[in-house]
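In what follows, a structure is listed as structure tokens, so that the remarks can point back to it.
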Amino acid sequence: MRVLREGGCARVHVVLGAQADEVRARASLPGCVLVDNPDWEQGMGTSLRAGLDSLAGTGARAALVSLVDQPGIGPEAVARVLAAHEGEESLVSAAYDGVRGHPVLFGAAHWAGIAATAEGDRGARAYLTEHRPAITLVECGDVARPFDIDTEADLTHLE
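As structure tokens, this is what we get:
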């Protein structure tokens with residue numbers, strides 16, 4: 406949450422899946438909209454859909470998606486992606502040596518298409534592949550490290 410706010414996000418929606426009650430009890434998420442994803446076991450696609458659904462009726466023009474398991478991505482990368490946003494038609498992605506990564510910004514005009522294709526652990530990958538020419542890549546390799554923390558061995562990235 407801190408990274409998103411410091412990067413320029415005014416409103417933060419946090420999608421909770423496994424152990425949602427424990428996260429609510431232990432995490433400090435003041436001012437965030439907490440969104441339950443009861444289908445979390447079906448993969449990241451369901452979390453993406455839940456997050457996008459939570460924006461309905463809020464007046465939001467874009468959603469910036471950041472993954473909780475990538476602590477090497479800080480506010481500088483978020484700010485760069487936000488700065489490239491040009492309206493509801495925008496598709497903007499951080500890039501690392503020219504390779505698309507996170508965070509990713511989806512203009513509101515893309516939400517329905519993304520939700521329709523978000524399945525399993527692929528999230529928006531199919532949609533973004535189909536719309537590759539429309540994506541603005543913003544190089545962030547000089548300000549962020551896009552590693553995932555998925556296993557105990559991955560903790561070496563934090564040193």
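One rule links them: number in this note's numbering = place in the sequence shown (from 1) + 405.
Just so it is clear, CB atoms sit at the ideal spot from N, CA and C, and this is done for glycine as well.
Please classify residue i: does DSSP put it in a helix, a strand, or coil?
i, result
"Gly412", "helix"
"Ser459", "helix"
"Thr541", "strand"
"Gly569", "With the chain running from 406 to 564 in the structure shown, residue 569 is simply not present."
"Ala489", "coil"
"Ala499", "strand"
Less than 8 Å between the beta carbons of residue i and residue j, yes or no?
i, j, result
"Ile540", "His507", "no"
"Ser452", "Val417", "no"
"Gly412", "Pro480", "yes"
"Ala467", "Gly512", "yes"
"Gly450", "Glu524", "yes"
"Leu457", "Trp516", "yes"
"Leu560", "Ala500", "no"
"Pro554", "Asp502", "At residue 554 the sequence reads Ile, which differs from the Pro that was named. Cβ distance not < 8 Å, so Ile554 and Asp502 don't count as in contact."
"Leu409", "Val483", "yes"
"Ser459", "Val438", "yes"
"Thr522", "Ala514", "no"
"Phe552", "His562", "yes"
Could you give the C-beta distance for residue i and residue j, rounded to a whole number, given that I count them as a contact under 8 Å?
i, j, result
"Leu510", "Leu487", "7 Å"
"Val440", "Ala455", "5 Å"
"Asp526", "Gly462", "That belief does not hold up - the Cβ atoms of Asp526 and Gly462 are roughly 28 Å apart, past 8 Å."
Strictly by DSSP, which residues pair up with residue i?
i, result
"Thr451", "Beta-bridge pairing links Thr451 to no other residue."
"Gly512", "Ala467"
"Val505", "First, the amino acid is wrong: residue 505 is Arg here, not Val. According to DSSP, Arg505 bridges with Ala500."
Query - Three-pair Cβ contact test at 8 Å for the region 455 to 473 versus the region 492 to 502 - result: These segments touch.
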